[in-house]
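Novice: Quick note on our numbering: the sequence shown kicks off at 85 and runs consecutively. A virtual CB, placed ideally from N, CA and C, is assigned to each residue, including glycine.
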Amino acid sequence: MSDCVMGDTVNGGNDILVRVRGVVKSYVSGNETLHILRGVSFDLHHGETAAVTGRSGSGKSTLLNILGGLDHGDSGTISVADVDLGSLSEGALASYRRNQVGFIFQFHYLLKDFTALENVMLPAYIAGMKKKEALDRARTLLRDLDLEERTGHYPSQLSGGERQRVAVARSLVNDPDLVLADEPTGNLDPDNSAAVAELLYGSAQKWGKTLIVVTHDEKVAARAGTRYTLTAGQLAAASEAP
Ligand SMILES: Nc1ncnc2c1ncn2[C@@H]1O[C@H](COP(=O)(O)OP(=O)(O)OP(=O)(O)O)[C@@H](O)[C@H]1O
Ligand SMILES: [Mg+2]
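Structural data, given as structure tokens:
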């Protein structure tokens with residue numbers, strides 16, 4: 085992919101892309117208040133890859149959703165590229181989600197009536213890119229993810245690992261600064277999991293993306309540059325975890 089396709093990250097001279105301070109999130113469930121995030125703070129540098137592990141229900145998806153602008157914390161601040169997400173209007177937040185963040189989930193959420201190529205190009209096309217440019221970009225990403233022979237396949241004609249690789253390509257098509265992956269290999273067997281993880285981390289590294297991977301898979305977590313665990317509502321370096 086040429087430089088003009090995936091542009092340089094704008095960092096304004098600041099090496100930190102994501103700055104999270106004191107994020108708190110509770111849910112009220114009946115008479116009970118569930119304190120899920122109890123003051124999460126961390127920084128992510130441009131190009132850093134981080135893995136987050138933690139028990140089921142510890143709040144990993146909640147944290148990713150807040151970082152991705154899909155949900156709000158109760159208090160605390162998150163800034164991405166020096167912009168405070170809490171200060172954004174709904175429209176600006178939608179633009180943030182579309183242009184600055186790439187999401188990959190446990191389930192691929194590919195559109196079944198569209199080919200792999202169309203699934204990858206659509207977010208770029210919807211964001212206003214010319215069709216030809218979006219198609220070119222999608223083709224390049226699919227080639228990077230070893231899917232050159234599968235561009236015309238529909239999701240039902242792809243293996244589980246291939247679908248997740250298409251989802252990785254789709255997450256990158258709008259050239260986001262930040263890629264958020266929530267259990268991206270949770271549905272895959274060990275071989276496919278390793279292949280998808282390798283391509284995910286490899287793509288992030290190649291294009292200088294900042295990546296957070298939530299995973300239960302030790303091997304997938306081990307590939308990250310930084311390791312965190314979410315325990316008792318707080319994010320700690322994995323080595324400091326109990
Ligand atoms: N909308 C909601 N209303 C009430 N409780 C919620 C809501 N969303 C999440 N929770 C609760 O918050 C806790 C954290 O959920 P979350 O999905 O973030 O966990 P997780 O760490 O991603 O778990 P898993 O590893 O199973 O995916 C859970 O106990 C969940 O039941
Ligand atoms: Mg989860």
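If the criterion is Cβ atoms closer than 8 Å, does the pair D259 and T294 meet it?
Specialist: For this step, residue 259 is matched to residue 175 along the sequence shown. For this step, residue 294 is matched to residue 210 along the sequence shown. Against a cut-off of 8 Å, the Cβ pair of T294 and D259 comes out as no contact.
Novice: Which one or two residues does DSSP pair with T117 in a beta bridge?
Specialist: Indexing the sequence shown from 1 puts residue 117 at position 33. Bridge partners of T117: V112.
Novice: Is any beta-carbon of chain D found at less than 8 Å from that of N271?
Specialist: The question asks about chain D, but that chain is absent: this structure has only one protein chain.
Novice: Mind reading off the beta-carbon distance from L314 to V136? Whole number of angstroms is fine, and I expect it under 8 Å.
Specialist: The residue you call residue 314 lines up with position 230 of the sequence shown. The residue you call residue 136 lines up with position 52 of the sequence shown. Yes, L314 and V136 are in contact; Cβ-Cβ is about 6 Å, under 8 Å.
Novice: Is there at least one non-hydrogen atom of ligand 1 closer than 7 Å to the beta-carbon of S142?
Specialist: By 1-based counting over the sequence shown, the position of residue 142 is 58. It does: the Cβ of S142 is within 7 Å (strictly closer) of some heavy atom of ligand 1.
Novice: For the beta strand (DSSP E) that contains Y312, what are its first and last residues?
Specialist: Your numbering for residue 312 matches position 228 in the sequence shown. For Y312, the enclosing beta strand (DSSP E) starts and ends at T310 to T315.
Novice: What alpha helix (DSSP H) runs, 4 residues minimum, are completely inside the stretch 215-244?
Specialist: Taking 4 residues as the shortest admissible run, the stretch 215-244 contains the following complete alpha helix (DSSP H) segments, listed from N- to C-terminal end: 215-228.
Novice: The alpha helix (DSSP H) spanning A79 covers which residue range?
Specialist: Absent from the structure is residue 79, since the part of the chain shown begins at 85 and ends at 326.
Novice: Going by C-alpha distance, which of I188, N276, E233 and L225 is nearest K303?
Specialist: Looking up residue 303 in the sequence shown gives position 219. Answer by Cα proximity: N276.
Novice: What first and last residue would you give for the beta strand (DSSP E) that runs through V298?
Specialist: Here the question's residue 298 lines up with position 214 in the sequence shown. Where V298 is concerned, the enclosing beta strand (DSSP E) stretches over T294 to V298.
Novice: Taking just the CA atoms, how far does E232 sit from G170?
Specialist: Residue numbering aside, residue 170 sits at position 86 when the sequence shown is read from its first letter. Residue numbering aside, residue 232 sits at position 148 when the sequence shown is read from its first letter. Taking the Cα positions, G170 is about 40 Å away from E232.
Novice: If you reduce the DSSP assignment to three classes, tell me which class R254 lands in.
Specialist: Counting from one through the sequence shown, the residue named residue 254 turns up at place 170. In the structure shown, R254 sits in a helix (DSSP, three-state: H, G or I).
Novice: CB Q248 to CB V280, shorter than 8 Å?
Specialist: Taking the sequence shown and counting its residues from 1, the one referred to as residue 248 is at position 164. Taking the sequence shown and counting its residues from 1, the one referred to as residue 280 is at position 196. Contact flag set, yes.
Novice: Whose CA, out of G141, S142, R139 and I162, lies closest to the CA of I150?
Specialist: To locate residue 150, count along the sequence shown from 1; it is residue 66. Cα-wise, what sits closest to I150 is I162.
Novice: Reducing DSSP to helix, strand and coil, say where D275 ends up.
Specialist: By one-based count along the sequence shown, residue 275 stands at place 191. Residue state, collapsed to three classes: helix.
Novice: Since I believe G236 is in contact with T199 (beta carbons under 8 Å), could you give me their beta-carbon distance rounded to a whole number of angstroms?
Specialist: In the sequence shown, counting from the first residue as 1, residue 199 sits at position 115. In the sequence shown, counting from the first residue as 1, residue 236 sits at position 152. G236 and T199 do touch by the CB rule: their CB atoms are close to 5 Å apart, below 8 Å.
Novice: Excluding the 5 residues flanking A251 on each side, which residues of the same chain have their C-beta closer than 6 Å to its C-beta?
Specialist: By 1-based counting over the sequence shown, the position of residue 251 is 167. Only I188 and H192 meet the Cβ criterion.
Novice: Helix, strand or coil for Q248 per DSSP?
Specialist: Residue 248 sits at position 164 when you count from the first residue of the sequence shown. Three-state result, Q248: helix.
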